[in-house]
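This note's numbering numbers the first residue of the sequence shown as 388 and each following residue consecutively. No residue lacks a Cβ here, since even glycine has one placed at the ideal position from N, Cα and C. Everything numeric in this text was worked out from a predicted model, so none of it was measured.
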Amino acid sequence: MENFEIEIYSPEQQGSGSFDNGKIMEIKPIDFPGGTSQAKRIGPLFYWSWATARGDGIIAMHPHKVFEIVSYVLEGVVGHSDSLENKTRVGLGGAQLIQAGSGIYHQEEMYGEVTDFFQIWFEPDIRETIKDEPNYAQIENEEFSVESSNGVTVKSVIGNDSPLQIKSDILANDITIGASSNFKVNLEPNTGLAFVVVEGNGKISTEIGEKELVHKDFIIITASGNSEIVFSPDGDSSNLRIFMIQMPTSVDYPLYGE
């Protein structure tokens, strides 16, 4: 059997944080270096936060450099303002991309009763990216490619035929697996999968057996050889929704903090 590892982190094992006097609360599947999450970065996947706001909230203007930062809206509306004079809002299923390059200031804004969104940081080659002009892009939900087959819907969020393309070697998909259906992933050698259970409960079946999946669990899978992973919902009456990122476990450039 090839070297195969799977780690499951409950919300209690993930990091936490807040903004705007507690109006915005976060759990962090992957925290910043020195943070409280038990999971650590994998290759170019540097940071992952799941933020929830009850009512209007703001993360005030702050700087970024070099990292590629994706905000993906699960519920509600997220606003963006920056030093490039962009001021936009994006709704359910939409995404915002900051390629921070040589430097940018921005702030996030939340509106309405409930806002839920991921913010995920990816690390390209800092030695090159620091020379780039900063860039901001926004993609609406209807611009993303979606494929449905055999009770499974796969929305391509980053890479492949998605309009959201970044320099970091990343693929990301928003996947909904219908009741009584399953979804298979072939994991190539020296590649990692990281995913969050967005909705529902379920299980994964791998060469080392089955593992249960619970809402808001964060899971990391790595393997040194080819492996098949099968995802399925719990029972025959509910869906399982996961947001999955695939990345190399190592890159050919130095990473921040390593």
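*Measure the C-alpha to C-alpha separation of Gly-442 and Glu-399 and round it to an integer number of angstroms.*
About 24 Å.
*Could you check the C-alpha separation between Glu-495 and Val-465 for me, to the nearest Å?*
Approximately 7 Å between the Cα atoms of the pair.
*What's the call for Thr-609, buried or exposed, on a 16-neighbour Cβ count within 10 Å?*
Under a 10 Å Cβ-count criterion, Thr-609 is classified as buried, with 16 or more other Cβ atoms of the shown protein chains found around its own Cβ.
*asked:* Considering Cα atoms alone, identify which of Lys-452, Leu-479, Pro-576 is closest to Gly-510.
replied: Residue identity check: residue 510 is Glu in the sequence provided, not Gly. Nearest to Glu-510 by C-alpha distance, out of Lys-452, Leu-479, Pro-576, is Lys-452.
*Start and end of the alpha helix (DSSP H) containing Ile-414?*
That residue, Ile-414, is in no alpha helix (DSSP H); its beta strand (DSSP E) goes 411-417.
*If we count the other Cβ atoms within 10 Å of its Cβ and call it buried at 16 or more, is Met-448 buried or exposed?*
By the 10 Å Cβ count, Met-448 comes out exposed.
*Take the Cβ of Lys-647 as the centre, count every other Cβ of all protein chains shown within 10 Å, and call the residue buried at 16 or more, exposed below.*
Here the chain has residues from 388 to 645 only, and residue 647 is not among them.
_Residues that DSSP places opposite Met-448 in a beta bridge_ = BP columns for Met-448 are empty, so no partner.
*Would a C-beta distance cut-off of 9 Å place Leu-461 and Ala-581 closer than the cut-off?*
Pairing Leu-461 with Ala-581 gives a Cβ-Cβ distance that is not under 9 Å.
*Within the same chain, show all residues whose beta-carbon is closer than 7 Å to that of Ser-625, passing over the 5 residues directly before and after it, in chain order.*
Within the same chain, Ser-625 has close Cβ partners Ala-566, Gly-587.
*In chain order, which alpha helix (DSSP H) runs of at least 4 residues are fully inside the segment 532-568?*
As far as the segment 532-568 is concerned, it has no whole alpha helix (DSSP H) run of at least 4 residues.
*Does the beta-carbon of Glu-645 have 16 or more other beta-carbons within 10 angstroms, so that it is buried, or is it exposed?*
Exposed, since its Cβ has fewer than 16 Cβ neighbours within 10 Å.
*State the Cα-Cα distance for the pair Leu-600 and Val-617, rounded to the nearest angstrom.*
Approximately 12 Å between the Cα atoms of the pair.
*Taking buried to mean at least 16 other C-beta atoms within 10 Å of its own C-beta, is Val-583 buried or exposed?*
Under this definition Val-583 is a buried residue.
*With distances taken from CA atoms, which of Ser-568, His-493, Met-412, Glu-527 is nearest Gly-478?*
Comparing Cα-Cα distances from Gly-478 to each of Ser-568, His-493, Met-412, Glu-527, the minimum goes to Glu-527.
*At 3 residues or longer, and completely inside the segment 419-487: list those beta strand (DSSP E) runs for me, N to C.*
Here the runs fully enclosed are 432-441, 444-451, 455-469, 474-477, 482-486.
_Rounded straight-line distance, which links the Cα of Gly-612 to that of Lys-603_ = Between Lys-603 and Gly-612, the C-alpha separation is close to 28 Å.
*With which residues is Tyr-498 paired in a DSSP beta bridge?*
Answer by DSSP bridge pairing, in chain order: Val-464.
_Separation of Ser-536 from Asp-621, as counted between CA atoms_ = Whole-angstrom Cα-Cα distance: 19 Å.
*asked:* The alpha helix (DSSP H) that contains Ile-513, what's its start and end?
replied: For Ile-513, the enclosing alpha helix (DSSP H) covers residues 513-516.
_Distance between Glu-392 and Tyr-523 (C-alpha atoms, nearest Å)_ = Per the coordinates, the alpha-carbon of Tyr-523 lies some 36 Å from the alpha-carbon of Glu-392.
*Under three-state DSSP, which class holds Gln-525?*
Reduced to three states, the DSSP call for Gln-525 is strand.
*Cβ-Cβ distance between Met-497 and Gly-444 below 9 Å*: Against a cut-off of 9 Å, the Cβ pair of Gly-444 and Met-497 comes out as a contact.
*So Ile-456 packs on Trp-508, CB below 8 Å; how close in whole Å?*
About 5 Å; that satisfies the 8 Å criterion.
*Proximity winner among Gly-596, Asn-560, Asp-556, relative to Ser-665 (alpha-carbon distances)*: An answer regarding residue 665 cannot be provided, because it is not within the stretch 388 to 645 covered by the chain.
_Boundaries (first-last residue) of the beta strand (DSSP E) holding Thr-609_ = 605-610 is the span of the beta strand (DSSP E), which, as asked, contains Thr-609.
*Taking buried to mean at least 16 other C-beta atoms within 10 Å of its own C-beta, is Asp-639 buried or exposed?*
Here Asp-639 is exposed, its C-beta having fewer than 16 other C-beta atoms within 10 Å.
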